[in-house]
Each structure stands twice: as C-alpha cells, then as structure tokens.
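Notes follow the structure.
Residue numbers (UniProt numbering): 1 to 242.
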C-alpha cells in the first residue's frame, strides 16, 4: 500500500445506498481522497480486481451478501484495511465485525469528520504494521511447533499448513511473541491488537485471545503458550527463535 504524500488516498465504498456512496465520495474528495463505489459483493470484487485501494469502507447491513461475509473474503485475500459501517449499536455486532478482520468500525449516524479521522488512523496503523514486519523480514519467528512469517503474515504449523489470521489476530500474536514471559494487561493488548484505546472493548480482547488459542490449538485449561493471569492479563510462555 502506497501512502506517499504525492498520491491521493484511494478508497472503495461498499454500500447498497447510492446516496450514501455519492455523499461519502464527495465529502472525502474535499480531503484529497479518491473514492469509488460498489453496491454489493459482485461490484466490490470487480472493483478490487481492476484497481488497488488503500482502504475499504464496508457497510455491515448489505442486501444479499452481508458485510461480515465480504469482510472475511477481503481478509482471506489480502490485508487491505477495512472500516465497517454499522447502524447497530450492540457490542456483540461490533466485536464480531472486528473479529472477522475489520480494522475499525463507525456506527451510523456518524460525523463525517470522525470517519476522516478514523481513515487516517487506520492507514497510519497499517503503515506502522508494515514497518514493524519489515524489522524481521527475510526470516520466520519460530515457537513451539509453529512458524510465523511476519512479511506474509502467515502462521504455519509443523505440517506446513497455513492457518489464516485476521489483522487483529496477527498483531496480537506478534505482540505476545515480542514480549515473551511478560504479563500483558488488557489495555496494552487493546492498544497493540486494535490500535485503539476503548475501555468498552476489554471483553473483546478475551474473545480475541480465545480465537487465537483455538488457531494455535492451545487448550486454555492447560495452556502451553498463552496463560491467563487472573486479574492482570495474559503471558506468552513459548520459547521464540528468530
């Protein structure tokens, strides 16, 4: 993803309401951003196959294929950042959106300036993640029976099977690996895995750790990698080889 200041930020807005697509595109253009629109999954795939985008703005409640399904698809195919738009205020909906790979969410109705701020925040975080991965580029991090390729963002088991990770899962695992045998509280993990400081998502970190344990086949009742420290947070106990 090219965030050079000489190039405009290119966005894809996936929303089945043409007025919302037009309104967002016009407003974002005032901030030097170029936005294409897509009314659903088919149009999104067509646009993604023909163009390169810095970020996708994806509505959760689409007719036909819903936003969660499309977000999963985007995450399986690459690491283009996704901001999800949702009219739902329930915590569960927001958590699910982030769990399937969205990088952030904005609840409708929202202030346009808030969306612009979220776009810049997500892109800065994505760029930081790329630089972070480049530090260890060219080799894999090994722990237990696993390998983590930080350039390709791939988790590979002992049988060379790739286990897909969402952006949040990748950042969380990398944070654990970078701080072995150190208790990390939820606030630290939120800032690292989400890149956001929201107390309301304390519980979502527990859900994210649970999903990561499942992918690592790490039994929480007898954990060999991620141990729960009651009242404090989590500690990664694996031995890491660089």
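Cβ coordinates follow ideal geometry from the N, Cα and C atoms, glycine included.
Three-state secondary structure (DSSP) of residue i
i: residue 137; result: For residue 137, the pLDDT reaches just 46, beneath the cut-off of 50, and the residue's location in the model is therefore unreliable, leaving the point undetermined.
i: residue 24; result: helix
i: residue 144; result: coil
i: residue 196; result: Confidence at residue 196 is low in this model, with a pLDDT of 44, below 50, so its placement is unreliable and no value can be given for it.
i: residue 59; result: strand
i: residue 86; result: strand
i: residue 219; result: coil
i: residue 206; result: helix
i: residue 239; result: coil
When the options are compared against residue i, the one with the closest alpha-carbon
i: residue 103; options: 173, 84, 19; result: 84
i: residue 19; options: 80, 37, 238; result: 37
i: residue 64; options: 80, 41, 49; result: 41
i: residue 232; options: 224, 188, 223, 220; result: 188
i: residue 144; options: 217, 109, 162; result: 217
i: residue 286; options: 25, 12, 70; result: With the chain covering only 1 through 242, there is no way to say anything about residue 286.
i: residue 178; options: 77, 238, 110; result: 238
i: residue 126; options: 78, 156, 215; result: 78
i: residue 10; options: 228, 22, 119; result: 119
N- and C-terminal bounds of the alpha helix (DSSP H) containing residue i
i: residue 75; result: 67-77
i: residue 46; result: 41-50
Cβ-Cβ separation, residue j to residue i (assumed contact under 8 Å), whole Å
i: residue 123; j: residue 16; result: Incorrect: roughly 25 Å between the Cβ atoms, too far for contact.
i: residue 166; j: residue 101; result: 4 Å
i: residue 44; j: residue 70; result: 6 Å
Run of the beta strand (DSSP E) containing residue i, from where it starts to where it stops
i: residue 236; result: 233-236
i: residue 35; result: 33-38
i: residue 227; result: 226-229
i: residue 182; result: From DSSP, residue 182 is part of no beta strand (DSSP E); its letter is neither H nor E.
i: residue 10; result: 9-14
i: residue 165; result: Here residue 165 belongs to no beta strand (DSSP E), and DSSP marks it neither H nor E.
i: residue 155; result: 154-156
i: residue 107; result: 104-107
C-beta contact flag for residue i and residue j at 8 Å
i: residue 121; j: residue 105; result: no
i: residue 184; j: residue 234; result: yes
i: residue 242; j: residue 152; result: no
i: residue 80; j: residue 56; result: yes
i: residue 169; j: residue 208; result: yes
i: residue 180; j: residue 240; result: yes
i: residue 205; j: residue 186; result: yes
i: residue 171; j: residue 192; result: yes
i: residue 212; j: residue 226; result: yes
i: residue 34; j: residue 8; result: yes
i: residue 115; j: residue 82; result: no
i: residue 68; j: residue 74; result: no
i: residue 176; j: residue 110; result: no
Cutoff 8 Å: residue i Cβ touching any chain D Cβ
i: residue 225; result: Note that chain D does not occur in the displayed structure, where there is just one protein chain.
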